[in-house]
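**Q** Pasting a structure below so you can have a look.
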Amino acid sequence: MSATLLAVQTLNGLQLGVLLFLIAAGLTLVFGVMDFINLAHGVQYMLGAYLAVAGYQLTGSFWLALLFALIVSLLAGLALEFLIFRHLYDRDHLDQVLATFGVIIFLNEAVKVIWGAAPLSLPIPAAFDGSFQLMDNLRYPIYRIALIGSGLGVALLLYVLVTRTRIGMLVRAGATNPDMVAALGVNIRRLFMIVFGFGTMLAGFAGIMAAPILSVEPGMGDNLLILAFVVIVIGGIGSIRGAFIAALIIGLVDTLGRSMTTDIARLLLPPAAANDVGPAIASMLIYILMAAVLFFRPSGLFPVTRS
Amino acid sequence: MKKVLSALAASTILCSASAASADSLKIGFLATLSGPPAVLGQHMRDGFLLGVKENDGKLGGLETEVLVVDDELKPDAALTKVQGLLERDKVDMMAGVVFSNVMMAVYKPVIQSETIFVGANSGPSPIAGKGCSPYFFSTSWQNDQNHEVMGKHATQQGYGKVVVMAPNYQAGKDAIAGFKRHYEGEVADEIYTKLGQLDFSAELARIADAKPDAIFTFMPGGMGVNLVKQYDQAGLKGEIPFLSAFTVDETTLPATQNTAVGLFAGAQWASNLDNPANAKFVADFKAEYGYAPSLYAAQGYDAARLIDGALEKTGGDKSKDALMAALKTAPFESVRGDFKFNNNQFPVQDFYLVKAVSKDGAFVTEAVEKVFDDKTDAYAGKCRM
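Shown next, in the form of structure tokens:
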């Protein structure tokens, strides 16, 4: 593998990492602050993408569609919170898993009923339409740079919000000791609702940003949800910084693994066996990584201590 | 008096029950109708139901009831539902099945219950070869065939070096094996991706680095949509020819649209095949459902018309021996043109190089040239029928 190819694959890995961070950030926020396992995060991501497609069909502009989808996915998230999730905060994690899994099934069918089963797509906005030559034969779309930029922007925004604002301070306090925060006169229910709404909007935003490069179809969030859970488990539940670092690590490991394991296997095994073993190991790498991290640091890389 | 009345009532019920089963036909239709691949099942089902509707809800003069069942792409769930269809609903025949893992789960139970099974998509090699059965008829193809078309085409075009890419599961491996069977050049790299993979940047970088004369890929459903879009965005579309099977067709074209125009695929059917049955099918399908049919829809439609033609030939006789003998002669006009059954009851048919085009505001596939004439599959020799 040449140095150019290695550099290109590293860029690809970082971009995948940033997309994973966009999805995992909302998940870790909700899980960390509210101790609520929200499996429906994946379908909120999917809903964001579908709303962006619908918004585009209504307005013909990517930016208006973005605004439309953000607002409607926030409303949808708040509706879910009010109708279903609010009643589950004090319940066992397993009850939360069951209920949010039901929401996954319901919303996957709902989008199929409303938009049909065929994959849909969203065109890249004109501002980012274009590409530059990365290496021989390969061009890199500018939109992917915009995606990386938006991910870094969201990371910065979350950092500022959580560490430098009053509400961020309340969120951090609520994550550590919700009962004490409530006893100090803070409306913890409203705080949770704000956190949840923000988490939903993050998921929807990830869906909107991913829609131009990935196909929009029922069930699109399910595979990414599993990866998002791997990210937050490795990063430490409740830690945004952990989610960011873990997402980048997973993006790099997965991408470099996919490009290199078959070649490495071919050094050791005959070609037919290498073709079997290489992809199999590549798909297992991130889970092996997760197992290794949990073995040495069971609470993740940047754990948030809960009292 | 009571005894007479109850005897009369009992005999009426018995008569009406037997009358219903002799003049009507019950077909169990199994397809994947949920999850990302649902669009394939939807096309196949809509094609089949159109075939029934065009005859006023009758096949071969018998009032037909189609029980459409969703297998959810889960072989164990499919098996339970098929057992329900066979034992509780007592269907006269089974039809459909999109995916090969589901097919391998339900094939034996259906065949062992001696129920006629008209396959409208999946055609795994065991069923075409050693495991063939007189109860099974396919209106689609054997799984390797559409890939063999691209292997032959790549050889004909003189592509000396090719990179192949498919998802890492049985159908993906069969696709690559089918391609290699007729390709005589060098396979520079075999890339197996994760099933359901969304982002192909790493693989596209590898392909660009290898600088092949063409790539061959099998990426069904949403995976194909992503690959085609990203292939175009990476600037590879104009540089390295894109050959595929089951990746660029009317199930994915509504999403890929212009990014797919000009890409080639191998198939036994395209919307512009010149025969009266096909012209009627494409026009009626669009009028009925409002979208362009794919090869899955054409296969479902042919399955309905095969059953119709066979029942016409037996004069409405549903008895298995007569019906199986009639089915074997393929007494119908297929929308793909030439059609007859081989010894393993898989089709002997023509295969084409098809191209994605934009026509009348819709994106469809059109046949460009015939690659195989009256092609049989590679496993027919292993079938002892």
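So the protein lines, in turn, are chains A and B. So the first sequence is residues 1 to 307, counted in the numbering used here. So the second sequence is residues 1001 to 1385, counted in the numbering used here. Using N, Cα and C, we set each Cβ at its ideal position, and we do this for glycine too.
Gly199(A): buried (16+ other C-beta within 10 angstroms of its C-beta) or exposed?
**A** Looking at its Cβ environment, which holds 16 or more other Cβ atoms inside 10 Å, Gly199(A) is buried.
**Q** Rounded to the nearest angstrom, what separates Thr1376(B) and Ile1307(B) at their Cα positions?
**A** Going by the C-alpha atoms only, they are around 22 Å apart.
**Q** Closer than 6 Å by C-beta to Tyr1289(B): which residues in its own chain qualify, once you throw out the five before and the five after it? Chain order, please.
**A** Counting only Cβ-Cβ distances below 6 Å, and skipping sequence neighbours, we find Asp1046.
**Q** Out of Ser1024(B), Phe1048(B), Ala1177(B), which has the shortest C-alpha to C-alpha gap to Tyr1296(B)?
**A** Here the closest residue by C-alpha is Phe1048(B).
**Q** Considering only residues of the same chain and omitting the five flanking positions on each side of Lys1340(B), which have a CB-CB separation below 6 Å?
**A** Contacts found: Ala1330, Val1348.
**Q** So, do the stretch 239-252 of chain A and the stretch 25-34 of chain A have three or more beta carbon pairs nearer to each other than 8 Å?
**A** Segments in contact, yes.
**Q** What's the call for His87(A), buried or exposed, on a 16-neighbour Cβ count within 10 Å?
**A** When all chains shown are included, His87(A) counts as exposed.
**Q** If the cut is a Cβ gap below 7 Å, which residues of chain A does Ser1190(B) touch?
**A** Just to set this straight, residue 1190(B) is Glu in the shown sequence, not Ser. By Cβ distance, chain A contributes Asn275.
**Q** Indicate whether at least one CB of chain C lies closer than 7 Å to the CB of Ala126(A).
**A** The chain inventory of the structure shown lacks chain C, comprising the protein chains A and B.
**Q** With a Cβ-Cβ cutoff of 7 Å, do Leu22(A) and Gly151(A) count as a contact?
**A** Yes, they are a contact pair.
**Q** Here's the rule I'm using: 16 or more other beta-carbon atoms within 10 Å means buried, otherwise exposed. How should Thr1251(B) be labelled?
**A** When all chains shown are included, Thr1251(B) counts as buried.
**Q** Could you check how far apart the C-beta atoms of Pro1124(B) and Met1103(B) are, in whole angstroms? I think they sit under 8 Å.
**A** Yes, Pro1124(B) and Met1103(B) are in contact; Cβ-Cβ is about 6 Å, under 8 Å.
**Q** Grouping DSSP H, G and I as helix and E and B as strand, with all else coil, what is Ser239(A)?
**A** Reduced to three states, the DSSP call for Ser239(A) is coil.
**Q** Could you tell me which uninterrupted beta strand (DSSP E) segments, each at least 3 residues in length, are contained entirely in the stretch 1143-1220 of chain B, listed from first to last along the chain?
**A** 1161-1167, 1186-1193, 1214-1217, all fully within the stretch 1143-1220 of chain B.
**Q** Give, in chain order, every residue of the stretch 1252-1267 of chain B whose Cβ lies closer than 8 Å to some Cβ of chain A.
**A** Cβ contacts with chain A come from Thr1252, Pro1254, Ala1255, Thr1256, Gln1257.
**Q** Taking only beta-carbon atoms, is Asp1076(B) less than 7 Å away from chain A?
**A** No - not a single Cβ of chain A is within 7 Å of the one on Asp1076(B).
**Q** For Gln9(A), decide whether its Cβ has a neighbour in chain B, counting only Cβ atoms nearer than 7 Å.
**A** Yes, contact with chain B.
**Q** Rounded to whole angstroms, what is the Cα-Cα separation between Lys1328(B) and Pro1241(B)?
**A** Each residue's alpha carbon lies about 40 Å from the other.
**Q** Along chain B, which residues have their Cβ under 7 Å away from the Cβ of Gly219(A)?
**A** Neighbours of Gly219(A) on chain B, chain order: Gly1035, Pro1036.
**Q** Just to confirm before moving on: does the CB-CB distance between Ala49(A) and Gly235(A) stay below 7 Å?
**A** Not closer than 7 Å, so no.
**Q** Assign Pro298(A) to one of two classes, buried (16 or more other C-beta atoms within 10 Å of its C-beta) or exposed (fewer than that).
**A** When all chains shown are included, Pro298(A) counts as exposed.
**Q** Is the Cβ of Gly1161(B) closer than 7 Å to any Cβ of chain A?
**A** Inspection of the sequence shows that residue 1161(B) is occupied by Lys rather than by Gly. No, Lys1161(B) lies away from the interface with chain A (no Cβ there is under 7 Å from its Cβ).
**Q** DSSP on Pro298(A), reduced to helix/strand/coil?
**A** Looking at Pro298(A) - three-state DSSP - the assignment turns out to be coil, as it is neither helix nor strand.
**Q** Please say whether Ala52(A) and Leu107(A) have beta carbons closer to each other than 7 Å?
**A** No, Cβ-Cβ distance for Leu107(A) and Ala52(A) is not below 7 Å.
**Q** Using 10 angstroms around the beta-carbon of Thr165(A), count the other beta-carbons present and answer buried if the total reaches 16, otherwise exposed.
**A** Looking at its Cβ environment, which holds fewer than 16 other Cβ atoms inside 10 Å, Thr165(A) is exposed.
**Q** Give the single residue among Gly1129(B), Ile1116(B), Gly1266(B), Leu1204(B) whose Cα lies nearest to the Cα of Arg1384(B).
**A** Residue Gly1129(B) is the option with its Cα nearest to Arg1384(B).
**Q** Between the Cα of His1182(B) and the Cα atoms of Asp1023(B), Ala1279(B), Gly1266(B), which residue gives the shortest distance?
**A** Of the candidates Asp1023(B), Ala1279(B), Gly1266(B), the one whose C-alpha sits nearest the C-alpha of His1182(B) is Gly1266(B).
**Q** Measure how close the beta-carbons of Met1044(B) and Gly1300(B) come, nearest whole angstrom, since I'm counting them as under 8 Å.
**A** Contact flag correct, Cβ pair sits at about 4 Å.
**Q** Is the Cβ of Ser121(A) closer than 7 Å to any Cβ of chain B?
**A** Yes, its Cβ sits closer than 7 Å to a Cβ of chain B.
**Q** What residue does the alpha helix (DSSP H) around Ala1031(B) start on, and which one ends it?
**A** Counting along the chain, Ala1031(B) falls outside any alpha helix (DSSP H), though it belongs to the beta strand (DSSP E) covering 1024-1031.
**Q** Give the secondary structure of Thr28(A) by DSSP, where H, G and I count as helix, E and B as strand, and everything else as coil.
**A** Of the three classes helix, strand and coil, the one that applies to Thr28(A) here is helix, per DSSP.
**Q** Please identify the residue among Gly300(A), Leu47(A), Phe196(A), Gln133(A) whose C-alpha is closest to the C-alpha of Phe333(A).
**A** Only positions 1 to 307 of chain A appear in this structure, which leaves residue 333(A) out of reach.
**Q** Could you run through the stretch 1324-1335 of chain B and flag, in chain order, every residue whose CB is less than 8 Å away from some CB of chain A?
**A** Against chain A - using a Cβ distance shorter than 8 Å - the stretch 1324-1335 of chain B contributes no residues.
**Q** If I measure Cβ to Cβ from Val1409(B) and keep anything under 7 Å in the same chain, skipping five residues before and after, which residues do I get?
**A** Outside the displayed span of chain B (1001 to 1385) sits residue 1409(B), for which this structure offers no information.
**Q** Taking DSSP's pairing of strands, which residues face Leu1353(B) in a bridge?
**A** For Leu1353(B), which the question treats as bridged, DSSP gives the partners Gly1266(B), Glu1369(B).
**Q** Between the stretch 1160-1186 of chain B and chain A, which residues of the former have CB atoms less than 8 Å from a CB of the latter, in chain order?
**A** Hits within the stretch, in order: Asn1168.
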